[in-house]
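Q: So the sequence lines, in the order shown, correspond to chains D and L.
Sequential numbering from 1 applies to the first sequence in the numbering used here.
Sequential numbering from 320 applies to the second sequence in the numbering used here.
Even for Gly, the Cβ is constructed at its ideal location relative to N, Cα and C.
Computed from a prediction, not measured in an experiment: that's the story for all the values here.
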Amino acid sequence: MSTPEQREIIIRRGRADTIFRGVIASGAMLSLVVLALIAGFLLFRGLEVFKDFGFSFLTGTQWDAGSGDASAPAHFGIAAMLIGSIVTAVIALIVAVPFAIAVSLFLEYYAPQFIRKPLTAILDLVAAIPSVIYGIWGYAILMPKAAGWAKSLNSWFDWIWIFKVPAPIFDRSPFIAGLLLALMVLPITTSVAREVYSQAPRDQIDAAYGLGGTKWGGIRTVVMPFGRSGLVGGAMLGLGRALGETIAVYLVLNLVFKVNFQILASAGGNVASLIATRFGEATPYELKALMAAGLVLFLVTLAVNAAATYIVSRSRTSA
Amino acid sequence: MTEILSPVSAPAPQKPWRHRRRDWRQAAIMTSMSLFGAWLIVVTTGLAGVLGAYVAFAIVFPIVAFLASLPYGQKTGQDRMATAVICLAFSTAFIPWVSILFTVMNKGRHAFYSGFLTTDMLVNSADDPLNVGGISHAIVGTLILISIASLIAIPLGVIAAIYIVEVKGRFAGYVRFFTQAMSGVPSIVAGLFIYTTIVVVVFNRFNALAGGLALAILMLPTVARTSEEVLKLVPDDLRAASYAMGASQFSTVFRIVLPTIRSGLITASILGVARVAGETAPLLLTSQYFVKFTTNITSGPIAALPTYIFANLGVGSANSVTRAWGGSAVLLSIVFILFILARLLGGRNIGSKR
Chain D
1 MSTPEQREII IRRGRADTIF RGVIASGAML SLVVLALIAG FLLFRGLEVF KDFGFSFLTG
61 TQWDAGSGDA SAPAHFGIAA MLIGSIVTAV IALIVAVPFA IAVSLFLEYY APQFIRKPLT
121 AILDLVAAIP SVIYGIWGYA ILMPKAAGWA KSLNSWFDWI WIFKVPAPIF DRSPFIAGLL
181 LALMVLPITT SVAREVYSQA PRDQIDAAYG LGGTKWGGIR TVVMPFGRSG LVGGAMLGLG
241 RALGETIAVY LVLNLVFKVN FQILASAGGN VASLIATRFG EATPYELKAL MAAGLVLFLV
301 TLAVNAAATY IVSRSRTSA
Chain L
320 MTEILSPVSA PAPQKPWRHR RRDWRQAAIM TSMSLFGAWL IVVTTGLAGV LGAYVAFAIV
380 FPIVAFLASL PYGQKTGQDR MATAVICLAF STAFIPWVSI LFTVMNKGRH AFYSGFLTTD
440 MLVNSADDPL NVGGISHAIV GTLILISIAS LIAIPLGVIA AIYIVEVKGR FAGYVRFFTQ
500 AMSGVPSIVA GLFIYTTIVV VVFNRFNALA GGLALAILML PTVARTSEEV LKLVPDDLRA
560 ASYAMGASQF STVFRIVLPT IRSGLITASI LGVARVAGET APLLLTSQYF VKFTTNITSG
620 PIAALPTYIF ANLGVGSANS VTRAWGGSAV LLSIVFILFI LARLLGGRNI GSKR
């Protein structure tokens with residue numbers, strides 16, 4: 001008996017379905033369109049500034065609207081702000097990632113069964129705390145404390161260059177902004193890490209136990225290597241969040257137009273905060289420069305997020 | 320006469336994992352040793368206060384745990400130390416959040432009086448005593464902004480999810496990817512974009528519609544992502560049954576699939592609302608802040624809770640900062656209530672038999 005040939009499946013769609021699929025498809029494309037529009041409009045508005053300053057818009061550190069005539073021309077360069085954004089975001093990740101690993105391991109492997117669900121729900125809940133509330137708390141509660149910590153760090157590790165300060169003022173430093181951002185990115189990084197850690201192959205963990213290994217042995221040899229790429233993705237999602245954060249940073253960071261790597265000093269930079277600070281009193285020309293700065297910030301965060309999404313989704317499918 | 324069987328001496332059940340008295344004693348000794356070590360550190364170094372003592376304890380405890388379990392082998396020591404570090408890191412991570420909750424509620428409490436929720440700030444300055452003025456304008460403004468954003472973002476988010484899961488179109492992968500990438504758009508950039516387009520070109524003034532649009536950009540990815548997750552939970556049997564009855568895809572989606580996940584979609588919407596309810600930066604660029612109670616969405620600025628907090632914080636006097644804390648307490652309560660609502664609705668098993 002010969003096996004019957006597989007029949008060709010023909011889908012005939014009615015008119016209603018064709019219209020339906022068309023409408024849904026065009027609606028779904030809107031997110032792409034909006035992203036393109038954002039990039040397009042910011043480029044369109046900021047083009048004049050890009051033309052006038054060229055590459056020095058990215059490498060210059062001066063931000064001066066000038067007086068409007070030839071005697072004091074405007075200078076716009078976002079290097080100090082861009083580097084400042086990266087510095088605070090990196091500080092945030094250095095603080096947040098170890099905690100994210102510990103919290104997610106605790107939730108997946110150490111916490112008693114009955115408190116896992118409530119704790120996960122609480123973690124989702126704190127992820128929804130508005131940034132302005134992080135900001136007001138950071139300003140009123142965290143900053144006085146963190147300034148004290150910064151002072152101690154400075155007195156102990158004075159010999160490390162990045163912990164030096166030009167003047168003994170520790171308020172509104174990149175260090176404090178980084179700590180606040182760490183708190184803000186911790187929920188998202190943790191939730192991604194928790195998800196990949198929970199997918200670690202159970203049989204391999206059991207095998208580690210069977211060989212007489214301890215719980216930590218199983219985590220170190222099975223769970224952590226398994227979750228590494230997912231953790232990187234989660235950290236990058238956090239990085240994107242930290243780079244784009246505006247109001248919280250605005251409230252705890254002193255913007256100074258000078259590249260500064262001394263993280264305890266009261267001088268930092270942040271593109272998003274720059275836009276929020278200068279927007280109110282900007283001249284038309286400066287507004288264009290802010291649009292250009294917004295475009296740079298948009299492209300940087302988009303690249304970081306796209307890479308993070310790619311890594312996370314790949315670590316999901318490989319699981 | 321029946322013979323009573325002599326009871327078989329069954330072995331008493333052993334529970335080797337149960338904590339015995341010796342374990343408790345050991346734990347007590349370890350903890351007191353760590354407390355002593357922490358006390359030594361607090362006395363001899365710059366660490367001070369409750370927080371300093373906690374940090375000192377967090378440093379000492381894992382080391383003591385390691386040393387105490389060394390007699391059982393190095394591996395056990397490492398295991399105990401890792402357990403101690405992970406548990407301590409977990410509790411440390413929660414300190415700031417508890418502090419935020421406590422501070423906001425504690426400081427916000429002072430701003431409340433009988434009229435706080437029902438008056439606006441038109442005739443008062445932020446500096447006035449705390450028994451005049453209120454946040455009615457900000458609450459209503461936030462509601463208006465959120466409604467506009469929801470009207471735009473929820474349908475579009477659900478449509479994106481339907482495209483990815485139901486239609487499975489050619490660009491489904493791209494739509495998914497870019498919707499995710501959109502969640503990373505910095506909020507201030509969304510504000511800037513709406514400012515250059517809607518505020519400058521269309522209306523030539525700050526207004527609530529622009530604010531709502533900016534929030535919609537930020538809300539869309541959350542709604543799309545959550546809707547996608549719940550759509551995937553719908554069992555394929557339902558779709559197959561619907562098609563077998565001769566239904567078109569259109570009626571399958573709208574009469575079978577979407578009603579099945581109604582509660583999931585509500586959860587998605589609420590999560591989206593909670594995501595944007597506290598956004599400040601885009602509103603500063605689009606709807607600004609206004610002290611008067613208003614419901615006009617196209618002509619002129621409008622207040623919102625986040626911008627109310629920001630504006631009052633900016634004034635900087637004792638009373639205005641207390642007002643900002645009061646606004647924060649209200650905003651945080653709203654976000655949390657929305658979130659818990661979403662949890663309660665989403666907690667029901669989606670698509671399962673009743």
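#1: Identify which residue in I122(D), S173(D) and V126(D) has its Cα closest to the Cα of N270(D).
#2: If I measure Cβ to Cβ from G356(L) and keep anything under 6 Å in the same chain, skipping five residues before and after, which residues do I get?
#3: Can you tell me whether F257(D) is buried or exposed, with buried defined as 16 or more other CB within 10 angstroms of its CB?
#4: Can you check whether the CB of F298(D) is closer than 8 Å to the CB of V504(L)?
#5: Whose C-alpha, out of S570(L), L664(L), F497(L) and N615(L), is nearest the C-alpha of G14(D)?
#6: Considering just the uninterrupted stretch of the alpha helix (DSSP H) at G633(L), what are its terminal residues?
#7: Report whether the distance from the Cβ of I360(L) to the nearest heavy atom of the ligand NAP is below 7 Å.
#8: Between which two residues does the alpha helix (DSSP H) harbouring L183(D) extend?
#9: Provide the residue(s) that pair with H75(D) in DSSP beta bridges, ordered along the chain.
#10: For the region 510-529 of chain L against the region 439-458 of chain L, do three or more pairs of beta-carbon atoms, one drawn from each stretch, fall closer than 8 Å, so that the two count as touching?
#11: Comparing C-alpha positions only, which one of R428(L), E547(L) and E548(L) sits nearest to N450(L)?
#12: Using a Cβ-Cβ cut-off of 8 Å, state whether V383(L) counts as contacting chain D.
#13: Going by alpha carbons, who is nearest to S371(L) out of V383(L), P381(L), I382(L) and W358(L)?
#14: Excluding the 5 residues preceding and the 5 following M400(L) in the sequence, name in chain order all residues of the same chain whose CB lies nearer than 7 Å to its CB.
#15: Quick one: is P225(D) buried, meaning 16 or more other Cβ sit within 10 Å of its Cβ, or exposed?
#16: Counting only runs of 4+ residues fully inside the region 334-369 of chain L, write out the alpha helix (DSSP H) ranges in chain order.
#17: List the residues that DSSP assigns as beta-bridge partners of N526(L).
#18: Pop quiz: S31(D) and M501(L) are said to be a contact at Cβ under 8 Å. What is the actual Cβ separation, rounded to whole angstroms?
#19: With a cut-off of 8 Å, do at least 3 Cβ pairs link the region 658-665 of chain L to the region 462-473 of chain L?
#20: Using DSSP bridges, identify the partner residues of G84(D).
#21: Taking the Cβ atom as the reference point for each residue, do P601(L) and I463(L) lie within a distance shorter than 8 Å?
#22: Over the uninterrupted alpha helix (DSSP H) stretch that includes W216(D), give me the two end residues.
#23: Can you tell me the Cα-Cα spacing of T402(L) and A182(D), whole angstroms?
#24: Would you verify that the beta carbon of S31(D) is, or is not, closer than 8 Å to some beta carbon of chain L?
#25: Under 8 Å between the Cβ atoms of A282(D) and L290(D)?
#26: Give me, in chain order, the residues of the same chain whose beta-carbon lies closer than 7 Å to that of F99(D); leave out the 5 immediate sequence neighbours on both sides.
#27: Report the option in L142(D), S152(D), V192(D) and H75(D) whose CA atom is closest to the CA atom of L179(D).
#28: If you draw a straight line from the alpha carbon of A16(D) to that of V486(L), how long is it in whole angstroms?
#29: Does any C-beta atom of chain D lie closer than 8 Å to the C-beta of M501(L)?
#30: If you draw a straight line from the alpha carbon of N305(D) to that of Y285(D), how long is it in whole angstroms?
#31: Under 8 Å by Cβ, that's how I've got A308(D) and G233(D) pegged, so tell me the actual separation to the nearest angstrom.
#32: In chain D, which residues lie with their C-beta within 7 Å of the C-beta of G597(L)?
#33: Quick one: any contact between the region 111-126 of chain D and the region 197-205 of chain D, if contact means 3 or more CB pairs under 8 Å?
#34: For F41(D), return the contacting residues in chain L, with the cut-off set at a CB-CB distance below 8 Å.
#35: Is T363(L) buried or exposed, if buried means 16 or more other CB atoms sit within 10 Å of its CB?
#36: With distance defined between alpha-carbon atoms, name the residue in L153(D), T277(D), L239(D) and F261(D) nearest to A79(D).
A: On the basis of the data shown:
#1: S173(D)
#2: Here the set comprises V379.
#3: buried
#4: yes
#5: Measuring from the Cα of G14(D), the nearest candidate turns out to be S570(L).
#6: DSSP places G633(L) in the uninterrupted alpha helix (DSSP H) bounded by L624 to V634.
#7: In terms of ligand content, the structure shown is empty, and the ligand NAP therefore cannot be addressed.
#8: P174 to S198
#9: D64(D)
#10: no
#11: Of the listed residues, the one whose Cα sits closest to N450(L) is R428(L).
#12: No, V383(L) lies away from the interface with chain D (no Cβ there is under 8 Å from its Cβ).
#13: The residue you asked about is not Ser; residue 371(L) is Gly in the sequence shown. Nearest of V383(L), P381(L), I382(L) and W358(L) to G371(L), Cα basis: W358(L).
#14: P381, A384 and F385
#15: Per the 10 Å Cβ criterion, exposed.
#16: 340-363
#17: G619(L)
#18: 5 Å
#19: no
#20: G84(D) pairs with nothing; no bridge assigned.
#21: no
#22: K215 to G218
#23: 23 Å
#24: Answer yes: the Cβ-Cβ gap between S31(D) and chain L drops below 8 Å somewhere.
#25: Yes, these two residues count as a Cβ contact at 8 Å.
#26: L186
#27: L142(D)
#28: Using only the alpha carbons, I get a separation of about 13 Å.
#29: yes
#30: Cα-Cα distance, rounded: 30 Å.
#31: 5 Å
#32: P130, S131, V132 and I133
#33: The region 197-205 of chain D and the region 111-126 of chain D do not touch, with fewer than three beta-carbon pairs separated by less than 8 Å.
#34: F512, T515 and T516
#35: Residue environment for T363(L): exposed (fewer than 16 other C-beta atoms within 10 angstroms of its C-beta).
#36: Out of L153(D), T277(D), L239(D) and F261(D), F261(D) has the C-alpha closest to the C-alpha of A79(D).
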